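Right, one structure below, let's go through it.
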Amino acid sequence: MGIVIRQLIRDEIERIWEIDRREIIEGIYYFCDGELVLEEEYYHMGGWPPDESKIYTPILIESFDRGGIFFGAFDSDVLVGAAVLDNKFIGKKNNQLQLKFLHVSHSYRKQGLGVKLFEKAEEVARKFGANKLYVSATPSENTVNFYLRRGCEVTEDVNEELFTLEPEDIHFEYLIK
Ligand SMILES: CC(C)(COP(=O)(O)OP(=O)(O)OC[C@H]1O[C@@H](n2cnc3c(N)ncnc32)[C@H](O)[C@@H]1OP(=O)(O)O)[C@@H](O)C(=O)NCCC(=O)NCCS
Numbered sequence: 083m084g085i086v087i088r089q090l091i092r093d094e095i096e097r098i099w100e101i102d103r104r105e106i107i108e109g110i111y112y113f114c115d116g117e118l119v120l121e122e123e124y125y126h127m128g129g130w131p132p133d134e135s136k137i138y139t140p141i142l143i144e145s146f147d148r149g150g151i152f153f154g155a156f157d158s159d160v161l162v163g164a165a166v167l168d169n170k171f172i173g174k175k176n177n178q179l180q181l182k183f184l185h186v187s188h189s190y191r192k193q194g195l196g197v198k199l200f201e202k203a204e205e206v207a208r209k210f211g212a213n214k215l216y217v218s219a220t221p222s223e224n225t226v227n228f229y230l231r232r233g234c235e236v237t238e239d240v241n242e243e244l245f246t247l248e249p250e251d252i253h254f255e256y257l258i259k
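Under the working numbering, the first residue of the sequence shown is numbered 83, with each subsequent residue one higher.
Pasting the structure below:
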């Protein structure tokens with residue numbers, strides 16, 4: 083039947099941690115002196131970092147309860163990808179919405195699912211009247227390249243709260259088409 087993307091209900095939020103986070107990372111981006119610099123670094127991620135669900139589940143539930151939109155991609159009843167669009171306007175012009183989460187399971191990557199989920203979030207953000215998406219991106223090579231290829235640019239309007247939460251991330255903005 084293929085992959086079905088649908089909105090998640092509140093009780094399904096914790097299922098996000100069922101997404102297979104495994105990844106071999108061979109490069110990490112740093113933002114130095116106004117430029118993105120790729121450094122060779124090797125990490126074998128065997129799954130989610132130990133505290134990830136503890137830190138992020140309450141943040142995700144809080145977003146859901148105030149109207150954040152959650153998409154899940156299902157292969158039968160297995161959750162293999164998810165995207166979350168927050169509905170709190172941020173940015174100096176108060177015209178940005180955060181793409182709060184975007185992950186695809188290891189063996190489902192590079193098949194177009196990440197782009198589909200990104201576009202779903204973009205579509206909702208457009209409907210909500212946002213001009214831009216704000217993305218705090220994992221600095222790994224594959225992830226940063228994914229966002230650059232979508233047209234994301236390193237933002238000058240860094241959100242302090244999100245930067246404090248993820249100082250090593252690359253903080254992007256994306257102009258909604
Ligand atoms: C970043 C991430 C969400 C991207 O998801 P994905 O499903 O792999 O993304 P897609 O398959 O849609 O796109 C990735 C690339 O594969 C290409 N692709 C799509 N279908 C393809 C196919 N059938 N064959 C080959 N390549 C394909 C896309 O064109 C895209 O290339 P481009 O970026 O050069 O344009 C995913 O790799 C991931 O979850 N990574 C680990 C977690 C992470 O860091 N998440 C982001 C947190 S901010």
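Glycine included, C-beta positions come from ideal geometry on N, C-alpha and C.
Predicted model, so just to flag it, every value in this text is computed and none were measured.
| said: Threshold first: 3 residues or longer. Then list the beta strand (DSSP E) segments lying entirely within the stretch 139-210, N to C. | reply: 151-157, 160-167 and 178-186
| field | Which listed residue (V226, N241 and D102) has its alpha carbon closest to that of E235 | value | By one-based count along the sequence shown, residue 235 stands at place 153. Per the Cα distances, V226.
| task | Taking 7 Å as the cut-off, decide whether the C-beta atoms of I101 and S158 are in contact. | result | Mapped onto the sequence shown, residue 101 falls at position 19. Mapped onto the sequence shown, residue 158 falls at position 76. Going by C-beta atoms, I101 is not nearer than 7 Å to S158.
| query | In chain order, what residues of the same chain have a beta carbon less than 7 Å from the beta carbon of V125, not counting five sequence neighbours either side? | reply | By one-based count along the sequence shown, residue 125 stands at place 43. A small correction: the amino acid at residue 125 is Tyr; Val does not occupy that position in the sequence shown. Closer than 7 Å at Cβ, skipping near neighbours: I107.
| query | E205: which of I151, R92 and K136 sits nearest, CA to CA? | reply | To locate residue 205, count along the sequence shown from 1; it is residue 123. Checking every option, the nearest Cα to that of E205 belongs to I151.
| request: Grab me the residues of R92's own chain with a C-beta within less than 6 Å of its C-beta, minus the 5 sequence neighbours each way, in chain order. | output: Here the question's residue 92 lines up with position 10 in the sequence shown. Within the same chain, R92 has close Cβ partners F146.
| said: I'd like the span of the alpha helix (DSSP H) that includes V226, first residue to last. | reply: Taking the first residue of the sequence shown as position 1, residue 226 is located at position 144. Taken as a continuous stretch (DSSP letters only), the alpha helix (DSSP H) holding V226 covers E223 to R232.
| task | Confirm the yes/no value for this check: CB of H59, any heavy atom of ligand 1, distance under 6 Å. | result | Here the chain has residues from 83 to 259 only, and residue 59 is not among them.
| query | Leaving out the 5 sequence neighbours to the left and right, which residues in its chain are closer than 8 Å to I95 when beta-carbon positions are compared? | reply | As a first step, residue 95 is located in the sequence shown; it is residue number 13 there, counting from the start. Within the same chain, I95 has close Cβ partners T139, L142, I143, F146 and F152.
| message | Within a Cβ cutoff of 7 Å, which residues of the same chain sit near K198, ignoring the five residues on either side of it in sequence? | response | Stepping through the sequence shown from its first residue, residue 198 is reached at position 116. Excluding sequence neighbours, K198 sits near I87.
| said: Within 10 Å of its beta-carbon, does D168 have 16 or more other beta-carbons around it, so buried, or fewer, so exposed? | reply: The sequence position of residue 168 within the sequence shown is 86, counting from 1. Burial call: buried.
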